[in-house]
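A.B. asks:
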Amino acid sequence: MYFTVILFIFIVLLTIVSIFKTLEVFQESIKMNKEIKIIRSKLYTELEIQRSLKPRIKLLDGLNAIMLKRVTVIIKELIDLQNSIISYRMMDN
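Residue numbers (this note's numbering): 95 to 187.
1. Just to confirm my understanding: we take T98, look at its own chain, exclude 5 residues before and 5 after, and list those with CB closer than 7 Å. What are they?
2. With DSSP run on the structure shown, which of helix, strand or coil describes M95?
3. Would you tell me roughly how many angstroms separate the C-alpha atoms of S178 and R150, rounded to the nearest one?
Here it is, written out as structure tokens:
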């Protein structure tokens with residue numbers, strides 16, 4: 095008789111402990127879920143920033159290419175001018 099009562103109390107205590115452990119795990123999963131949502135929103139924000147910057151970067155690359163072409167043309171013209179000045183001086187001598 096005593097054995098069954100003690101066994102019953104033991105089983106009830108184990109059940110209560112397991113319920114509390116389950117609640118702890120559930121609370122931890124809720125906390126982790128919130129953290130995952132925060133991290134996910136930060137990642138989406140970063141992704142949107144990168145997507146919005148992509149056209150600007152392409153525009154800047156295009157402008158850099160145009161400026162490089164212009165500088166190249168100006169340098170070629172300066173070299174031609176220098177060569178013509180040198181040839182004029184040689185003719186003058």
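For glycine and all other residues, C-beta sits at the position ideal for the given N, C-alpha and C. Note that the structure is predicted; figures quoted are calculated from it, not measured.
C.D. replies: On the basis of the coordinates in this document:
1. One-based indexing of the sequence shown puts residue 98 at position 4. Counting only residues of its own chain and dropping the five nearest sequence neighbours on each side, T98 has no CB closer than 7 Å to any other CB.
2. Locating residue 95 in the sequence shown gives position 1, where the first residue counts as 1. Three-state DSSP puts M95 in coil, outside helix and strand.
3. Residue 178 sits at position 84 when you count from the first residue of the sequence shown. Residue 150 sits at position 56 when you count from the first residue of the sequence shown. For S178 and R150, the distance between alpha carbons rounds to 42 Å.
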